[in-house]
Structures are given as C-alpha cells and as structure tokens.
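In this note's numbering, the protein residues as written are 6 to 159.
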C-alpha cells in the first residue's frame, strides 16, 4: 500500500461500503467518495449504470457531480477522491477536469483501469491536471467483492 493517512483509509472503507450497496442492486460493486482535508464529504456514489440506464453512471462520476452541485462549481480543486476500484479512462478524465487534488483507490483494474493500466490518462501530455495517486488499501476486500459479484453472474 502506498501512503494513506487515517482519513484516506476511512474514506476508502466508506467507498467499499458504497460498493456493497451497488452489489445489493446487482450493479458492478464500485463506490466513490469526494471529500476535503477536514473529512467533510462533498459527494459520494456507487455504480448505477443499470438502474439509470446510463453508461456514464459510474461511482466516480456520480460522486463528482454531487460534489460539483454542492460546491456550485465543476472546479473541485483541493478535494480528494477515494474509490474502491481503479478509475476507468472516462472517470480518470473527469477527475482531471474536476481538478481533484488526490486520488486513492483500493484495487487495481487490469481490464478497464485508466490510471495505472490501459490508457494511463494522467500520464498523457494532453492531461492538463494530474492528481497525486495512491492505491492498495483494502485492495483484497475490494477485489473479493468484485470476484464474488462476477462469479455469481457466470
């Protein structure tokens, strides 16, 4: 695990609990939380792509939308994001546009990840904002939740 303070660990645990809510709705179990250094939650979400019939209703996107609405701006400079799974390329680009300061995620996503895998969005010269990224806390728990979910689908 890369360095994560007790606050980041608390928010990753909350993101994992949101992922469990998604699983209870038969949605891919991913949860996300946008928060500040004082621990105030500005936005949270879990995957609702099937429920909303919306391919963009990923946990991160829903959390960013909620935070933007609460702040009254799409610029979320200074806020952090905790997510139970590595963001996909779409979510990583939205994180960059929102100017999120730091991203913490639990499990890597070798198939659809867009931060450390695949597109590696934050490494592109066209990415105008590159947040600090750390990962690994609760990775085993997040991966187990995802594996159990997909095993049941097969």
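Note that the Cβ used here is the ideal one computed from N, Cα and C, for glycine as well. Small disclaimer: the values here were computed from a predicted structure and weren't measured.
Whole-Å CB distance - residue i paired with residue j, under 8 Å assumed
| i | j | result |
| --- | --- | --- |
| residue 87 | residue 52 | Wrong, their Cβ atoms sit about 15 Å apart, outside the cutoff. |
| residue 58 | residue 36 | Incorrect: roughly 20 Å between the Cβ atoms, too far for contact. |
| residue 114 | residue 143 | Going by Cβ atoms, the distance from residue 114 to residue 143 rounds to 14 Å, so no, they are not a contact pair. |
Beta-ladder partner(s) of residue i, from DSSP
| i | result |
| --- | --- |
| residue 86 | 39 and 108 |
| residue 51 | 36 |
| residue 46 | 40 |
| residue 138 | 108 |
Close Cβ partners of residue i (< 6 Å) along its chain, the five nearest in sequence each way excluded
| i | result |
| --- | --- |
| residue 19 | 38 |
| residue 97 | 119, 120 and 126 |
| residue 62 | 53 and 54 |
Own chain residues within Cβ distance below 8 Å of residue i, not counting five before or after
| i | result |
| --- | --- |
| residue 85 | 13, 16, 39, 40, 41, 42, 105, 106, 107, 108 and 109 |
| residue 99 | 65, 66 and 69 |
Inter-residue Cα distance where the pair is residue i and residue j
| i | j | result |
| --- | --- | --- |
| residue 32 | residue 145 | 19 Å |
| residue 9 | residue 30 | 30 Å |
| residue 116 | residue 123 | 8 Å |
| residue 66 | residue 50 | 8 Å |
| residue 141 | residue 24 | 16 Å |
| residue 75 | residue 136 | 21 Å |
Close-in-space but distant-in-sequence residues of the same chain around residue i (CB under 7 Å, 5 per side omitted)
| i | result |
| --- | --- |
| residue 148 | 112 |
Do three or more CB pairs link the segment 68 to 81 to the segment 12 to 19 at distances below 8 Å?
Verdict: no, contact absent.
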